[in-house]
Ligand SMILES: [Zn+2]
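Residue numbers (our numbering): 176 to 430.
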């Protein structure tokens, strides 16, 4: 990133208290990718930051990058859009936490991928509008994995080379990088051809057209556990918010 003053749209991914009043934040921007910054008096300066550093929102941040510092210095922030309705719903809040943690985990610092930023805003908008948040989370996970170079392979079996939809029984296996024949790789998440087709559609369709995709509950039930396991395997650790989602799911099943 060039040294000097910057002004950019951003979404705060992670915040850590520092000292009495300061805040260290990771945020995603379209132009600079993931950035780490220090906000002096970030927890207390209502004048400079309002609540933009502590709320789930799309913001405009002004910050200064200097040559010898790893963290940029946050100067001020302005709220552009508040995702307030997400914060009122425990399930959508858990999914949003998962999505932000995933962006933080998958994106390399200062490596701009504007499509990831657009995807994040798309996903938060879907969570905010309350329409099928799990469907949005499914599409988000598949696409961000592909955009950051970690996309699962769903075209064919890595052992025998047979195309995925040749009529054989299939599994999804994180260690194998995606789909495989059940006879070649006996362990993994059982998966139906319909789910593979939906995963392919979620990957390849333009974001503008993706709202036409409708995923049956079965697709989410099959793909969801695989994606969380695949992400754990890819990152080398489980996302904290992944456990929250599992707990909520169990509670829902118990009714
Ligand atoms: Zn095979």
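Where a beta carbon is used, it is the ideal one built from N, C-alpha and C, also for glycine.
Bear in mind the structure is a predicted one, so any value in this text is a computation, not a measurement.
For a quick check, are the C-beta atoms of residue i and residue j less than 8 Å apart?
{"i": "residue 209", "j": "residue 284", "result": "yes"}
{"i": "residue 349", "j": "residue 273", "result": "no"}
{"i": "residue 217", "j": "residue 246", "result": "no"}
{"i": "residue 233", "j": "residue 255", "result": "yes"}
{"i": "residue 340", "j": "residue 371", "result": "yes"}
{"i": "residue 416", "j": "residue 269", "result": "yes"}
{"i": "residue 251", "j": "residue 224", "result": "yes"}
{"i": "residue 366", "j": "residue 413", "result": "no"}
{"i": "residue 271", "j": "residue 236", "result": "no"}
{"i": "residue 280", "j": "residue 410", "result": "yes"}
{"i": "residue 195", "j": "residue 227", "result": "no"}
{"i": "residue 291", "j": "residue 188", "result": "no"}
How close, in whole Å, do the beta carbons of residue i and residue j come, if the pair is a contact with beta carbons under 8 Å?
{"i": "residue 325", "j": "residue 294", "result": "Residue 325 to residue 294, Cβ: 14 Å. No contact."}
{"i": "residue 204", "j": "residue 183", "result": "4 Å"}
{"i": "residue 240", "j": "residue 179", "result": "7 Å"}
{"i": "residue 352", "j": "residue 392", "result": "26 Å between Cβ atoms; not a contact."}
{"i": "residue 360", "j": "residue 329", "result": "That belief does not hold up - the Cβ atoms of residue 360 and residue 329 are roughly 14 Å apart, past 8 Å."}
Which residues in the same chain have their Cβ closer than 7 Å to the Cβ of residue i, if we skip the five residues on either side of it in sequence?
{"i": "residue 430", "result": "none"}
{"i": "residue 311", "result": "298, 301, 302"}
{"i": "residue 242", "result": "178"}
{"i": "residue 382", "result": "293, 294, 297"}
{"i": "residue 403", "result": "417"}
{"i": "residue 262", "result": "231, 268"}
{"i": "residue 219", "result": "196"}
{"i": "residue 333", "result": "351, 352, 355"}
{"i": "residue 206", "result": "183, 287"}
{"i": "residue 176", "result": "207, 240, 285"}
{"i": "residue 202", "result": "185, 186, 187, 188, 210, 212, 236"}
Can you give me the Cβ contacts of residue i inside the same chain, cut-off strictly under 6 Å, excluding the 5 residues immediately before and after it?
{"i": "residue 401", "result": "347, 364"}
{"i": "residue 373", "result": "390, 394"}
{"i": "residue 338", "result": "331"}
{"i": "residue 343", "result": "356"}
{"i": "residue 378", "result": "317, 321"}
{"i": "residue 215", "result": "197"}
{"i": "residue 181", "result": "238"}
{"i": "residue 432", "result": "What the structure shows of the chain is the stretch from 176 to 430, and residue 432 is not part of that stretch, so it cannot be assessed."}
Nearest chain B C-beta to residue i closer than 8 Å, yes or no?
{"i": "residue 386", "result": "Of the protein chains in this structure there is only one, and it is not chain B."}
Spatial neighbours of residue i within its chain, please: CB distance less than 8 Å, with the 5 preceding and 5 following residues excluded, ordered by chain position.
{"i": "residue 305", "result": "260, 264, 267"}
{"i": "residue 193", "result": "199, 213"}
{"i": "residue 376", "result": "388"}
{"i": "residue 288", "result": "208, 282, 322, 323"}
{"i": "residue 423", "result": "265, 266, 269"}
{"i": "residue 369", "result": "391, 393, 394"}
{"i": "residue 362", "result": "346, 348"}
{"i": "residue 309", "result": "270, 395, 399"}
{"i": "residue 428", "result": "none"}
{"i": "residue 335", "result": "356, 359"}
{"i": "residue 408", "result": "349, 350"}
Spell out the partners DSSP gives residue i in its beta bridges.
{"i": "residue 192", "result": "198"}
{"i": "residue 180", "result": "239"}
{"i": "residue 267", "result": "In the DSSP output, where bridge partners are listed per residue, residue 267 has none listed."}
{"i": "residue 232", "result": "257"}
{"i": "residue 262", "result": "DSSP lists no partner for residue 262."}
{"i": "residue 209", "result": "203, 284"}
{"i": "residue 251", "result": "237"}
{"i": "residue 186", "result": "203, 233"}
Item to check | 4 or more residues per run - each alpha helix (DSSP H) lying fully within the region 274 to 360 | outcome: 289 to 304, 308 to 322
Item to check | Start-end ranges of the beta strand (DSSP E) lying completely within the region 351 to 409, minimum 3 residues | outcome: 353 to 356, 364 to 366
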